[in-house]
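Trainee: Here it is, the structure, as structure tokens.
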Amino acid sequence: MAKERMLQFVSVKREMPEKRPADLRSQDFHEIYREYAAQKAAEQASRCSQCGVPYCQSHCPLHNNIPDWLRMTAEGRLQEAYEISQATNTFPEICGRICPQDRLCEGNCVIEQSGHGTVTIGSVEKYITDTAWENGWVQPVKPMVERGESVAVIGAGPGGLAAADMLRRKGYQVTVYDRYDRAGGLLTYGIPGFKLEKPIVMQRVEQLEASGVNFVMNCKVGEDLSFDAIRGQHDAVLIATGVYKMRGVGGPGSGAKGIVQALDYLTVSNRKSFGDEVEAYDNGELNAAGKRVVVIGGGDTAMDCVRTAIRQGAVSVKCLYRRDRANMPGSQRETQNAEEEGVEFVWLSAPKGFTGGASVEGVMVQKMRLGAPDATGRQSPEVIEGADYIEPADLVITALGFEPEDLPTLWGVPELAVTRWGTIKADFRTHQTSLPGVYAAGDIVRGASLVVWAIRDGREAADSIAAYLAAPASVAAE
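So this is what it looks like as structure tokens:
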């Protein structure tokens with residue numbers, strides 16, 4: 001019944017209210033949707049075979065107890081389902097929305113492997129946690145015992161917030177430092193609102209604040225406050241800054257106006273969704289409305305850019321990627337969503353330069369073919385000579401991935417060891433860095449990766465920090 005009413009509402013949503021059936025006029029869309037979502041969640045949860053070897057759980061970085069909370073959902077025991085979900089995942093409502101389930105839990109579902117279509121685990125996870133928030137089951141953390149030791153968390157992204165939550169549950173005093181004016185990191189300013197609604201992120205931040213976590217925003221470590229000063233104020237430090245330095249694009253004309261980086265573009269769009277005054281958006285510099293947009297890249301950030309440009313009213317949106325669809329690093333589900341929304345993918349194409357002088361007018365595209373596999377096993381793209389052409393463009397967005405900033409130099413801490421890629425060198429089990437009492441987690445250690453991995457790293461680092469603070473002074477000093 002709920003499905004029929006949902007379809008009926010959608011079929012007439014563009015008509016004038018007086019043309020809608022009387023029983024639909026009196027019902028709010030969200031009420032109908034909630035009824036439909038409850039029905040679908042129970043239906044999908046009941047499809048779980050409760051197999052003896054839960055591949056969905058083993059392929060989740062957090063090893064969430066997926067079969068257990070699916071069973072609870074199928075039986076209508078939603079509060080228990082939420083408690084099981086929350087026990088291993090700090091932000092299940094966020095993972096349910098943005099995790100690439102097709103590459104993780106859902107892609108390894110036994111029912112999916114047998115050809116009957118996967119259980120939609122992500123949607124059920126989202127429904128469980130949304131229901132928990134609506135019913136007041138999500139409450140501020142109240143530690144059993146308050147402890148005197150304090151921990152600094154540098155970075156308010158998913159890894160840092162997950163660690164802050166875990167540390168507060170253990171009773172430690174936590175202060176989070178972040179460069180932005182709002183907590184959440186890329187959850188807030190990187191991922192578009194149509195994938196991750198910003199109130200969803202902000203309610204978690206507010207819960208952490210109500211739990212006693214202190215936030216110091218608009219604080220650039222190394223400029224507004226030194227790293228040594230932070231170390232001096234706290235008993236332990238967790239570095240969870242993420243990676244924000246974007247790889248640039250070279251070639252003739254690469255400095256022209258209208259060639260912008262993906263993070264700048266997405267941050268401005270997200271700021272507008274908060275109601276901020278953003279000159280770069282209002283003057284059209286970082287606004288795709290009425291423009292021919294070309295996005296360069298094939299990852300999830302590129303997909304966020306093309307889908308944002310469509311929503312801003314771009315005349316056309318094309319995505320250039322130097323390999324083919326099968327070798328695209330981004331989510332296949334996101335690629336399909338983008339195509340359905342009108343994005344055109346130009347495979348085996350790479351930028352050679354740009355035309356237009358002071359302002360970009362086009363991308364010089366060189367066609368590619370896939371050659372012999374490289375060291376990772378992926379086929380390397382090779383240039384097809386004489387196949388170049390010009391792709392007209394008014395706005396070019398480069399989404400070529402993220403690199404770590406040079407933190408030892410920026411923070412004046414040369415003794416902080418890094419890898420040859422510039423990421424912080426940390427023990428993969430304890431997350432301990434080369435500095436005593438200093439830990440690191442998330443993308444700043446593993447490189448640009450998934451939110452769910454950052455959450456796992458933050459939770460693990462919190463456990464290690466707690467063990468370090470609880471150890472006798474002689475042991476902790478070793």
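154 is the number that UniProt numbering gives to position 154 of the sequence shown; each next residue is one higher, with no gaps. The C-beta atom is built at its ideal place from N, Cα and C for all residues, glycine as well.
Given that a residue counts as buried once 16 or more other Cβ atoms are within 10 Å of its Cβ, and exposed if not, what is residue 170?
Mentor: Taking the sequence shown and counting its residues from 1, the one referred to as residue 170 is at position 170. With 16 or more Cβ atoms within 10 Å of its Cβ, residue 170 is classed as buried.
Trainee: From the DSSP output, which residues share a beta bridge with residue 285?
Mentor: Taking the first residue of the sequence shown as 1, we reach residue 285 at position 285. Paired residues: none, contrary to the question.
Trainee: Count the C-beta pairs between the region 258-270 and the region 426-440 that are closer than 8 Å, then say yes if the count reaches three, no if not.
Mentor: No, because fewer than three Cβ pairs between the region 258-270 and the region 426-440 fall closer than 8 Å, the two stretches do not touch.
Trainee: Can you find the residues in the same chain that come closer than 8 Å, C-beta to C-beta, to residue 419, ignoring five residues on each side of it along the sequence?
Mentor: As a first step, residue 419 must be located in the sequence shown, where it is residue number 419. Around residue 419: 425.
Trainee: Please report the residue range of the alpha helix (DSSP H) in which residue 95 lies.
Mentor: Stepping through the sequence shown from its first residue, residue 95 is reached at position 95. 92-98 is the span of the alpha helix (DSSP H), which, as asked, contains residue 95.
Trainee: Strictly by DSSP, which residues pair up with residue 237?
Mentor: Counted from its first residue, the sequence shown places residue 237 at position 237. Residue 237 pairs with 152 and 438.
Trainee: In this structure, how does DSSP classify residue 67 when only helix, strand and coil are distinguished?
Mentor: Walking along the sequence shown from the start, residue 67 turns up at place 67. Reduced to three states, the DSSP call for residue 67 is helix.
Trainee: Check whether the Cβ atoms of residue 416 and residue 434 sit closer than 8 Å, and answer yes or no.
Mentor: Start at 1 with the first residue of the sequence shown, and residue 416 comes out as number 416. Start at 1 with the first residue of the sequence shown, and residue 434 comes out as number 434. Yes, the pair counts as a contact, with Cβ atoms nearer than the cut-off.
Trainee: Report buried or exposed for residue 63, applying the criterion of at least 16 other Cβ atoms within 10 angstroms of its Cβ.
Mentor: Here residue 63 is taken as the residue at index 63 of the sequence shown, counted from 1. With fewer than 16 other Cβ atoms within 10 Å, it is exposed.
Trainee: Taking the straight line between their C-alpha atoms, what separation do you get for residue 331 and residue 193?
Mentor: Residue mapping note: residue 331 aligns to position 331 of the sequence shown, counting from 1. Residue mapping note: residue 193 aligns to position 193 of the sequence shown, counting from 1. Computed Cα separation, rounded: 18 Å.
Trainee: Can you confirm whether the region 285-298 touches the region 315-324 when touching is taken to mean that 3 or more C-beta pairs between the two stretches lie within less than 8 Å?
Mentor: As far as the Cβ criterion goes, the region 315-324 touches the region 285-298, which means the pair count is three or higher.
Trainee: Using DSSP with H/G/I as helix, E/B as strand and the rest coil, what is residue 111?
Mentor: Along the sequence shown, read from residue 1 onward, the residue named residue 111 stands at position 111. Three-state DSSP puts residue 111 in a helix.
Trainee: Quick check on this structure: which residue in 343, 354, 47 and 279 has the alpha carbon closest to the alpha carbon of residue 305?
Mentor: The count along the sequence shown starts at 1 and reaches residue 305 at position 305. Looking at the Cα atoms, 343 is the closest of the given residues.
Trainee: Suppose you measure from the CA of residue 383 to the CA of residue 371; what does that come to, to the nearest Å?
Mentor: The sequence position of residue 383 within the sequence shown is 383, counting from 1. The sequence position of residue 371 within the sequence shown is 371, counting from 1. Each residue's Cα considered, the two are about 10 Å apart.
Trainee: Return the residue from the list 364, 374 and 77 that minimises the CA-CA distance to residue 480.
Mentor: The question about residue 480 has no answer here: the residues shown for the chain are numbered 1 through 478.
Trainee: Three or more beta-carbon pairs under 8 Å between the region 45-56 and the region 66-74, yes or no?
Mentor: At 8 Å Cβ cutoff, the stretches touch.
Trainee: Check for me: the beta strand (DSSP E) holding residue 318 runs from which residue to which?
Mentor: By one-based count along the sequence shown, residue 318 stands at place 318. 316-320 is the span of the beta strand (DSSP E), which, as asked, contains residue 318.
Trainee: Rounded C-beta distance between residue 239 and residue 444? I'm assuming under 8 Å.
Mentor: One-based indexing of the sequence shown puts residue 239 at position 239. One-based indexing of the sequence shown puts residue 444 at position 444. Yes, they are in contact, since the Cβ atoms of residue 239 and residue 444 sit about 6 Å apart, within 8 Å.
Trainee: Whole angstroms are fine: how far does the CA of residue 116 sit from the CA of residue 205?
Mentor: The count along the sequence shown starts at 1 and reaches residue 205 at position 205. The count along the sequence shown starts at 1 and reaches residue 116 at position 116. Rounded to the nearest angstrom, the two C-alpha atoms are 39 Å apart.
Trainee: Using DSSP with H/G/I as helix, E/B as strand and the rest coil, what is residue 243?
Mentor: Along the sequence shown, read from residue 1 onward, the residue named residue 243 stands at position 243. Reduced to three states, the DSSP call for residue 243 is coil.
Trainee: Residue 421: buried (16+ other C-beta within 10 angstroms of its C-beta) or exposed?
Mentor: To locate residue 421, count along the sequence shown from 1; it is residue 421. Its Cβ having fewer than 16 others within 10 Å, residue 421 is exposed.
Trainee: In terms of alpha-carbon separation, which member of 414, 99 and 345 lies closest to residue 328?
Mentor: Residue numbering aside, residue 328 sits at position 328 when the sequence shown is read from its first letter. Comparing Cα-Cα distances from residue 328 to each of 414, 99 and 345, the minimum goes to 345.
Trainee: Answer with buried or exposed for residue 378, where buried requires no fewer than 16 other C-beta atoms within 10 angstroms of its C-beta.
Mentor: The residue you call residue 378 lines up with position 378 of the sequence shown. Per the 10 Å Cβ criterion, exposed.
Trainee: Take residue 14 and list the residues in its own chain whose beta-carbon comes closer than 6 Å to its own, dropping the five residues that flank it on each side.
Mentor: Numbered from its first residue, the sequence shown carries residue 14 at position 14. Only weak support exists for where residue 14 lies, its pLDDT of 43 falling under 50; the value from the coordinates is given anyway. Same-chain partners within the cutoff: there are none.
Trainee: What number of angstroms, rounded off, separates the C-alpha of residue 252 from the C-alpha of residue 390?
Mentor: Your numbering for residue 252 matches position 252 in the sequence shown. Your numbering for residue 390 matches position 390 in the sequence shown. Residue 252 and residue 390: Cα-Cα distance of roughly 13 Å.
Trainee: Taking only the alpha-carbon atoms, compute the straight-line gap between residue 217 and residue 139 and give it to the nearest angstrom.
Mentor: Locating residue 217 in the sequence shown gives position 217, where the first residue counts as 1. Locating residue 139 in the sequence shown gives position 139, where the first residue counts as 1. So the two alpha carbons sit approximately 24 Å from each other.
Trainee: Does DSSP put residue 429 in a helix, in a strand, or in coil?
Mentor: Residue 429 sits at position 429 when you count from the first residue of the sequence shown. Three-state result, residue 429: coil.
Trainee: Based on DSSP bridge pairs, tell me the residues matched to residue 257.
Mentor: Here residue 257 is taken as the residue at index 257 of the sequence shown, counted from 1. 359, per the DSSP bridge assignment.
Trainee: Considering only residues of the same chain and omitting the five flanking positions on each side of residue 474, which have a CB-CB separation below 8 Å?
Mentor: On the sequence shown, residue 474 is found 474 positions in, with the first residue counted as 1. Legend: pLDDT at residue 474 = 44, less than 50; position of this residue unreliable, value from coordinates given subsequently. Cβ within range, chain order: n/a, list empty.
Trainee: Compute the Euclidean distance between the alpha carbons of residue 57 and residue 108, then round it to the nearest angstrom.
Mentor: Reading the sequence shown from its first residue, position 57 is the one you call residue 57. Reading the sequence shown from its first residue, position 108 is the one you call residue 108. So the alpha carbons of these two residues sit roughly 9 Å apart.
Trainee: Within the same chain, show all residues whose beta-carbon is closer than 8 Å to that of residue 88, passing over the 5 residues directly before and after it, in chain order.
Mentor: Mapped onto the sequence shown, residue 88 falls at position 88. Cβ within range, chain order: 62, 63, 64 and 65.
Trainee: Buried or exposed for residue 144, please, with buried defined as at least 16 other CB atoms from any protein chain shown within 10 angstroms of its CB.
Mentor: Counted from its first residue, the sequence shown places residue 144 at position 144. Flag for residue 144 reads exposed.
Trainee: Does the region 97-104 touch the region 128-142, meaning 3 or more C-beta pairs lie closer than 8 Å?
Mentor: They do not touch, by the three-pair rule.
Trainee: Since residue 315 and residue 291 should fall inside the 8 Å C-beta cutoff, what is the C-beta to C-beta distance between them, to a whole number of angstroms?
Mentor: Locating residue 315 in the sequence shown gives position 315, counting from the first residue. Locating residue 291 in the sequence shown gives position 291, counting from the first residue. With a Cβ gap of about 6 Å, residue 315 and residue 291 count as contacting.
Trainee: Can you tell which of 153, 97 and 38 has its C-alpha closest to the C-alpha of residue 234?
Mentor: One-based indexing of the sequence shown puts residue 234 at position 234. That would be 153, whose Cα lies nearest to the Cα of residue 234.
Trainee: Distance, Cα to Cα, residue 400 vs residue 246?
Mentor: Position 400 of the sequence shown, counted from the start, is the residue given in the question as residue 400. Position 246 of the sequence shown, counted from the start, is the residue given in the question as residue 246. When rounded, the distance between both Cα atoms is 7 Å.
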